[in-house]
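Shown next, in structure tokens, is the structure this report addresses.
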Amino acid sequence: MGMVKDIFVGGWSLLAGMWVTIRRIYRPVVTVQYPRRYLEMSPSYRGHIEFKSFPETGTHNCVACGTCMRFCPTNVIKVQGEKIHTHSEKRASLYFIDFSHCSLCGLCVVNCPTQTLQFSDEYDMAHFSRWDGVVDLIRRLEESA
Amino acid sequence: MSLEDLREELSKVVDATDIFPRDYQKDGCVLEIRADADKIEAVAEATRDADFFLECITGLDFTNGPQVIYHFNAFSNLSRVLVRVQLARNQSLPTISSIYDAAIWYEREVFDLFGIHFDNHPDLRRILLPEDADFHPLLKDFGKVHAFRSTEEIYDEPDA
Amino acid sequence: MTNQMLEPITEQTYYLNMGPQHPSTHGVLRLFLKLDGEYIVEADPIIGYGHRGHEKMAESHLYEQFLPNSSRMDYLSGLLFNHGYVAAVEKMAGIEVPPRAEYIRVICAELNRISSHLLWFGTYIMDLGGFTPFLYCFDDRENILDILDHVSGSRLTYSYCRFGGVAKDLDDEFISATRQFIERLRSRWDDYHNLVTKNVIFIHRAKDVGVINRELALRFGCTGPILRGAGVAYDIRKAEPYSVYPELDFEIPTGTAGDALDRYMVRLQEMEQSLRIVEQALDRLPDGPIKAAVPHKVRPPKGDYYFAVESARGALGFYIVSDGTSYPYRLKARVPSYGNLQVLTDVLPGTLVADTISILGSIDIVVPEVDR
Amino acid sequence: MAAAWQKLVNFLGPDLTIIVVGLVGVLALVQVNALFLVWLERKVAAHIQLRIGPKEVGPFGILQTIVDGVKLVSKELITPRHVDRKLFMLAPIAIFLPVLVSFVVIPFSERLHIRDLNVGLLVIFAFSTFNVLAILMGGWASNNKYSLLGAVRSVAQNVAYEIPLLLSILSVLLWSNSLQMSVIVESQSNVWNVFWMPVAALIYLICATAETNRAPFDIPEAESELVAGFHTEYSGMRFALFFLAEYSNMLIVAAVATTLFFGGWKSPPFLGFLPVPGLIWFLLKTYILIFVVMWVRWTFPRLRFDQLMNFCWKIMIPLALFHLIVYAGIIKFIR
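Residue numbers (the working numbering), protein chains in the order written: chain A, 1 to 145; chain B, 1001 to 1160; chain C, 2001 to 2372; chain D, 3001 to 3335.
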């Protein structure tokens, strides 16, 4: 008799499972049709880094101290600065990152003494060449301005 | 079996001076045992009889020879026991894989990464690295490391 | 499975390479199986295909620089690994973490644990041949990822915990989204139970399969849901309390027989317990700073330290030897899946190929975590 | 056109003409049906799983499978090195041919059947058994352990499930007193068999699912265990033939179920006033059954091999036997 009961209980459990799936057929789909609809990135989304523009100076505040370069675990940052004349502040003239090696840890942003780095919200970073992953931050800032 | 019993058991195996209590809050273990290479089997048997399991085996490399660290733990609160075996260069030590099955893989890992040989191990092959690798990467003379020190530079003599 | 199956009836055994590329080895694990018909005579898991040398990397990196590596060991519970590593270094360096940061860490870690368990749930049923629950779980998991994305800015490899605190403060949106998620997941249990837990086929596939009892777990050093499925209420969150877990009220679910079904039930109940933890932590979330003042380069004092946390798969330990500089002298990650995977050598012989999949799925390994 | 038709009939004779034209029609039907079913399967799966499924090619993605078919046709036919070449090439053909034959005797409507043999049902089951052989051929010839395991499982499974399958239809045969498909349908003029033999219908559907290797009985090709089972090594059009055969088999078992239990081309009892041709009713019932099979597939996990066998030998066969005895008594009593 136990076996007959097992069969009925088992059969009932299968029907219960089928009820769960059939109800889903008319539920709205959750897929987002990506190229047609873009999802909004969260406000704290961490893309590659970019320069923040400060209203006081109208440009970035990078003094090319190289802290970000030293803290980067994967050595993807290359920054060079120059002084316009002997007693002026040092300013970054070159700032490159190789995004293809970046692990997005954010140590550069956290440790930047002038707070001039921030995360961008760029996520369409698929490219055909590895060199396309190299981002020129200064040019990027100039273009966005 | 409580920690006190284990301590008693262990004192039969190793010198009482080689057993140091340690502060869990400070360094995560409650007991440290410094054993010689030939004692490790006896120590492992004592911990097994006390219902401890082998948490991990770690290799360390110092200028005065590598160390092998065994962490034993029990399914009860705050009972991690650290066993430290100091080896000379190229010295092998007996396996405890007949006592703990978990040691088979952990010892293979230590052999793989440090080249420390375990005697009588049933299956001492490389585990993480490919079979044809001819190096032991976690040795301090391999690759880029920040420092290569001796044990005295790191450990103060623990107060017994 | 009885042991008489272990005796080969004929000499005609053969070897089967399951993996490194196989639909249900969850990554690049290779199982070298000796088969007699469909019965397994010998099993040898071969690992290391994803070995990246994290422990070696640590020796040439600053303590801070190793932070992103930690979540890349186990990509499914990255925050738990993050938490473990950060807490270990904090303990060594004696950094006091503000209470709000601790609560935030616990909330995020538990959410991460749920997401890991949900993914396991889906993949386990998929291993057994049911594809649909997998996508239902992903639907729910997506919600967690969105929530964590909102606060940490990434979806899988969060480098969210920082020495002395966390990277970003929670906002009201996060809190309301989390509360909504708790409601939502609780309303889903019925469907999950009807679809899977009560399903007679599933019960047959999981019951009495891959029994790992206490003695076996002890010999192989298994931890986590495997151990709890065998009836041992051992959880690092209780046994070696860290962070704010002692202040929170939760239970350790345990099984009895230690078979795949028990492990399944333990994980499902753990998700519910994690929800409870998140709820309580949200209620008690104190105000205050989220990050203590920490020097740019942490320099822990000389000595060695072992710090364990409960990851989604078991006891995760970081054993760090410091030589007083800002670089770790040696960093060893004791990953739970390592011991959990090795137990296969003992459990698999005598089972069918189909059970292999069920057992492998039920112990929930993440191969990059084993390989490090 | 009419002249050409007359020429053909004169040349082949009326019987042969019907067979030739019918076979051409069946070939077309098999292709279209497989294309439709693959699309349907993907849509059903997608909507059960809260996804959309194919949608890009054609309206609702209905042309997606044609595109896939073109892709498969244009792919290289890889023959791995250590295979048994003759069997390897023969297996996809061997699995596909019996499918065509089975369609010959299926009555799509009152007048639309190619050949109304008096042993119609027997033909179908005789030929559907043939596909075990093809699977074994494919699995054995592939020289791949996964394929072999799949083939071995498949043989054991199909042989076992033939028994309750045939037992379950015996009670229908007792009632209709004939193996001829049209007679079986006619015998259900008053009440469909499914209403008074629900257990037989259930047994038939379960066994038919197992016969066609559909989930939850898809252990010969269990993807999470055996990668792809017996067709692991096949590529391109050879793989497509296996695929085609699977979906055509589904159509056959559903069509047979419709004929045996659901009144064939007859309209449902209370909808008899509708001016709907029998063919539509037939196809509608068939595809509803197929939908149920798909629905089951996307709901349940897979059984283990020994459980599958236990289920057959310990539950299905005794049940089918018991059912047969009971219904033999009932039918004897009614007549």
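Just so it is clear, CB atoms sit at the ideal spot from N, CA and C, and this is done for glycine as well.
Annotation: Cβ neighbours of W3298 (chain D) in chain A (cutoff 8 angstroms, chain order): T21. By a beta-carbon distance limit of 8 angstroms, D2371 (chain C) does not contact W2120 (chain C). Their separation comes to about 19 angstroms. Beta-bridge partners of C1056 (chain B) (DSSP): B:H1071. Near chain C, meaning a CB-to-CB distance below 8 angstroms, the residues of the stretch 80 to 114 of chain A are S103, L104, C105, G106, L107, V110, N111. When the alpha-carbon of E2110 (chain C) is set against those of C:R2162, C:G2317, C:T2254, C:Y2245, the nearest one is in C:Y2245. Taken through DSSP and simplified to helix, strand or coil, F3322 (chain D) comes out as helix. Here the alpha carbons of E3211 (chain D) and Y3287 (chain D) stand approximately 18 angstroms from one another. Taking the C-beta atoms as reference points, Y2306 (chain C) is found no nearer than 9 angstroms to L1138 (chain B). Here DSSP, grouped into helix, strand and coil, assigns D136 (chain A) to strand. Taking I1127 (chain B) as reference, the option from C:S2116, C:I2047, C:Y2319 with the minimal CA-CA separation is C:I2047. Shown here, D2036 (chain C) sits in a strand according to DSSP, grouped into three states. Spanning the alpha carbons of R2205 (chain C) and K2198 (chain C) requires a straight line of approximately 12 angstroms. Contacts between K2302 (chain C) and chain B, judged by CB atoms closer than 9 angstroms, involve E1153, I1154, Y1155, D1156 in chain order. Boundaries of the alpha helix (DSSP H) around V3155 (chain D): 3145 to 3176. Spatial neighbours of S2116 (chain C) in its own chain (CB-CB distance under 6 angstroms, excluding positions within 5 residues in sequence) are listed in chain order as L2076, S2077, A2312. Here R2162 (chain C) carries a strand assignment [DSSP, helix/strand/coil].
Across the structure, G3053 (chain D) and L3063 (chain D) are spaced so that their CA atoms are roughly 12 angstroms apart.
Under the DSSP assignment, I2201 (chain C) falls outside any beta strand (DSSP E), being part of the alpha helix (DSSP H) whose first and last residues are 2200 to 2206. Below 8 angstroms, too few C-beta pairs join the stretch 67 to 87 of chain A and the stretch 3092 to 3100 of chain D to call them touching: fewer than three.
Neighbours of R27 (chain A) across chain D, judged by C-beta separation under 7 angstroms: L3050.
Annotation: L2128 (chain C) is outside any beta strand (DSSP E) and is labelled neither H nor E by DSSP. Around the Cβ of E1008 (chain B), a 10 Å sphere holds fewer than 16 other Cβ atoms; the residue is exposed. DSSP links F51 (chain A) through a beta bridge to A:L117. The stretch 3184 to 3266 of chain D is shown to contain whole alpha helix (DSSP H) runs of 4 or more residues at 3193 to 3196, 3198 to 3211, 3223 to 3226, 3236 to 3261, in chain order.
Taking the CA atoms as reference points, C2222 (chain C) sits about 18 angstroms from D1049 (chain B). By the C-beta density criterion, I3331 (chain D) is exposed, having fewer than 16 other C-beta atoms within 10 angstroms. For F3217 (chain D), the closest C-alpha among the options D:V3101, D:R3081, D:R3153 is that of D:R3153.
Only residues of its own chain outside the window of five on either side were considered, and among them C2137, D2140, R2141 have a CB closer than 6 angstroms to the CB of L2118 (chain C), listed in chain order.
P1137 (chain B) belongs to the set of residues whose beta carbon lies under 9 angstroms from a beta carbon in chain C. F3127 (chain D) and I3163 (chain D) have their C-alpha atoms spaced approximately 15 angstroms apart. Within its own chain, the residues whose Cβ lies closer than 6 angstroms to the Cβ of A1035 (chain B), once the five positions on either side in sequence are excluded, are V1014, V1043, V1083, V1085, listed in chain order. Under the Cβ distance rule, E2042 (chain C) does not count among the residues neighbouring chain D, no pair being separated by less than 9 angstroms.
For the pair R2072 (chain C) and P2253 (chain C), the Cα-to-Cα distance works out to about 28 angstroms. If the five residues before and after N2112 (chain C) are omitted, its C-beta is found closer than 8 angstroms to the C-beta atoms of S2077, G2078, L2079, L2080, I2144, L2148, Y2158, A2312, all from its own chain and listed in chain order. Proximity of the stretch 3235 to 3248 of chain D to the stretch 3270 to 3277 of chain D falls short of the contact definition, fewer than three beta-carbon pairs being nearer than 8 angstroms. Take S93 (chain A), set aside five residues on each side of it, and the residues of its chain with a beta-carbon closer than 8 angstroms to its own are A64, Q80, G81, E82, I138, in chain order.
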